[in-house]
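Heads up, the thing below is written out as structure tokens.
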Amino acid sequence: MNRQDFLKTLGLGAVASVTGSSLLTGCNTHDMSAVNMTPGMENMGPSVTEIPFTTPLRFPETITNTGQLTAKSVIDAILPGKNARVLGYRGGMLGPTIRVQNGSDVSLRFTNNLDEESNIHWHGLLVPAEMDGHPTQLVQAGGSFTYSFRLNQAANMAWYHPHPHEKTGKQANLGLAGMIIVETPAERALNLPSGSYELPMVIQDKRLDGNGAPTYSPSMDDVMMGYMGETIIVNGVAGAVQPVSTRMYRLRIVNGSNGRIYNLALSNNAPFWVIGSDGGLLSAPEQTTALLLSPGERADLLVDFSKVPVGTDVFLKSDTFTGASSQGGQAFNILKFTVNKAETDPFQLPAALGMVSPLSTASATKTRLFDIGIAMEGMNGMPMRGMHTIGGKTYLGSRIDETVKLGDTEIWEFDNSKGDEPHPMHLHGTFFQVLNRVGGRNTLYATEKGWKDTVLVMPGERVRIIAQFTKPGLFVFHCHNLEHEDDGMMLNFRVN
Ligand SMILES: [Cu+2]
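Numbering (this note's numbering), first residue to last: 8 to 503.
This is the structure in structure tokens:
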């Protein structure tokens with residue numbers, strides 16, 4: 008049975024009780040007026056509604072190795088002039104950007120002022136298992152915990168967000184997330200665009216109510232597709248505009264959406280360079296005109312505005328794409344760049360960026376195969392949750408699903424050949440390399456030629472990855488479509 012048949016069986020629009028108590032007043036009211044369905048796209052989630060691009064792109068405050076992060080209800084304006092209640096770690100809906108030097112000690116005090124449990128996962132940082140924000144390492148309402156670790160990894164862009172099982176989607180969607188940038192001397196030596204020429208950004212989509220407040224109340228359809236919104240925001244604001252000069256810029260992008268995939272492109276169809284991925288820089292820049300970025304993935308891009316006449320607008324947009332049954336049918340703008348200043352650009356694109364040494368498949372001691380998707384067998388009646396599985400199982404915090412020998416290199420294969428939803432698969436506790444993709448798109452993309460922690464497995468695809476497991480302890484791997492994850496598409500693995 009495919010997804011459409013399945014939804015037909017259930018009855019479209021059935022509202023699933025997948026969330027706990029509402030964190031914010033009004034969140035449990037499913038406001039259909041905020042959902043713009045394009046005719047014929049009823050099964051594709053809300054289509055995107057653009058608002059005028061007039062709000063200056065903002066950047067969260069930057070902190071370094073120490074600081075306080077308090078999950079709480081705050082007031083912020085996603086839409087211009089509409090102050091609304093959201094969740095945040097400081098003053099607004101995104102937490103501070105944490106910029107740290109590799110090798111340094113990080114100590115961040117987390118206080119949970121929500122009315123339910125939470126925690127923080129450092130997505131893209133290699134940290135000890137007990138600091139990783141595992142779903143069983145919870146900070147109760149009113150509690151605190153200090154996350155401390157010393158980093159030993161390549162320069163990359165990471166991010167942080169809550170990871171309490173069955174509540175991740177809601178807490179992240181209502182505003183809890185933040186960016187992390189890890190720097191190294193080797194990366195600095197490349198003299199990539201920095202300062203005001205380096206633009207870190209989180210792209211998200213929100214379903215806003217009439218007051219401009221994000222609402223989170225997934226229907227059965229949303230659980231199947233991921234909770235998508237009609238409003239695209241960058242660093243917390245909709246309709247963002249960023250002035251640029253005629254030179255090279257470094258765009259460091261996190262897809263912080265619950266379920267939406269973006270096919271990043273420029274409105275002038277200009278090529279851009281992919282220089283890095285989840286785990287750091289690629290070996291060499293790779294030019295492209297479009298790049299799929301699924302939830303959890305990061306892209307490190309160089310965009311050249313030097314040939315664009317002053318006075319021209321260029322949009323970062325999401326182009327249409329195929330292969331994902333529930334999205335990709337609509338192109339929309341994400342962010343407007345206004346080229347407003349002529350500037351001489353001293354930047355030279357380096358021929359080589361870093362060293363991505365391929366892990367040898369001959370060094371792998373084991374291959375694990377995971378069927379991912381929807382378990383249709385053995386269903387009785389109308390299951391309201393627990394449909395998304397890995398290897399036929401849904402998440403159980405107390406169960407160890409896989410045991411890996413510390414230091415071993417393994418090949419893991421994610422098989423979505425029978426599924427019909429995209430699944431961005433994310434491993435904690437290690438970075439990996441993508442070996443190959445069979446079926447579907449049948450190829451590897453620029454960001455997949457570097458170190459990854461999240462890989463998109465489209466319907467019809469089997470994707471093989473290779474990783475060395477160097478951190479001991481209990482970790483999870485899961486789908487980063489947060490509705491799939493909360494629905495149970497996550498397993499434990501222990502390294503020892
Ligand atoms: Cu999924």
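Cβ coordinates follow ideal geometry from the N, Cα and C atoms, glycine included. This structure is a prediction, so every number in the text was calculated from the model and none was measured.
- VAL244 is positioned such that its CB atom lies no closer than 9 Å to that of PRO135.
- Across the set ASN275, GLY283 and SER333, the C-alpha of GLY283 shows the shortest separation from the C-alpha of TYR452.
- In this structure, GLU492 has its CB closer than 8 Å to one or more heavy atoms of ligand 1.
- With a threshold of 8 Å, the Cβ atom of MET138 does not count as near ligand 1, since no heavy atom of the ligand is closer than that.
- For the pair of segments examined, the region 118-135 was found not to touch the region 419-427: the number of CB pairs separated by less than 8 Å stays below three.
- In this structure ASP307 is not in contact with ASN270, their Cβ atoms being roughly 17 Å apart against a cut-off of 8 Å.
- A direct Cα-Cα distance of roughly 29 Å separates ALA220 from SER274.
- Shortest Cα-Cα distance from ALA84 to any of PRO169, LEU132, ASN347 and GLY217 involves GLY217.
- When the alpha-carbon of ALA193 is set against those of ILE82, GLN147, ALA247 and ALA359, the nearest one is in ALA359.
- Here the alpha carbons of VAL317 and VAL346 stand approximately 5 Å from one another.
- Between the region 427-444 and the region 100-120, the count of C-beta pairs closer than 8 Å stays below three; the two stretches do not touch.
- For the set VAL107, ILE58 and ALA162, the Cα lying nearest the Cα of ALA247 is the one of ILE58.
- Distance from the C-beta of MET496 to the nearest heavy atom of ligand 1 is below 8 Å.
- Of the heavy atoms belonging to ligand 1, at least one sits nearer than 8 Å to the Cβ of PRO431.
- Residue state for ASN347 is assigned as strand, using DSSP reduced to three classes.
- In terms of Cα proximity to ARG406, the closest of PHE66, PHE500 and ARG65 is PHE500.
- Placement of the Cβ of GLU420 at a distance of 8 Å or more from every heavy atom of ligand 1 is found.
- Shown here, HIS128 sits in a strand according to DSSP, grouped into three states.
- Two segments are said to touch when three or more pairs of C-beta atoms, one from each, lie closer than 8 Å; by this definition the region 330-350 does not touch the region 283-292.
- Taking a contact to require three or more Cβ pairs closer than 8 Å, the region 235-242 and the region 393-400 do not qualify as touching.
- Under DSSP, ASN270 shares a beta bridge with LEU299.
- In terms of side-chain proximity, the C-beta atom of HIS395 is found nearer than 8 Å to a non-hydrogen atom of ligand 1.
- Per DSSP, GLU428 is not a residue of any alpha helix (DSSP H), being assigned neither H nor E.
- Residues SER252, THR253 and VAL317 of the same chain have their beta carbon placed closer than 8 Å to that of ALA349, with the five preceding and five following residues left out of the count.
- Per DSSP, reduced to three states, the secondary structure at LYS314 is coil, with no helix or strand assignment.
- Secondary structure at THR238: strand, using DSSP grouped into helix, strand and coil.
- Spatial neighbours of THR329 in its own chain (CB-CB distance under 8 Å, excluding positions within 5 residues in sequence) are listed in chain order as GLY335.
- Between ALA165 and GLY131, the C-beta spacing is below 9 Å.
- With a cut-off of 8 Å on Cβ pairs, the region 136-147 is in contact with the region 165-184, counting three or more such pairs.
- Counting only runs of 3 or more residues that sit fully inside the region 143-194, the beta strand (DSSP E) segments are 151-157, 163-168 and 185-190, in chain order.
- Spanning the alpha carbons of GLY414 and THR374 requires a straight line of approximately 15 Å.
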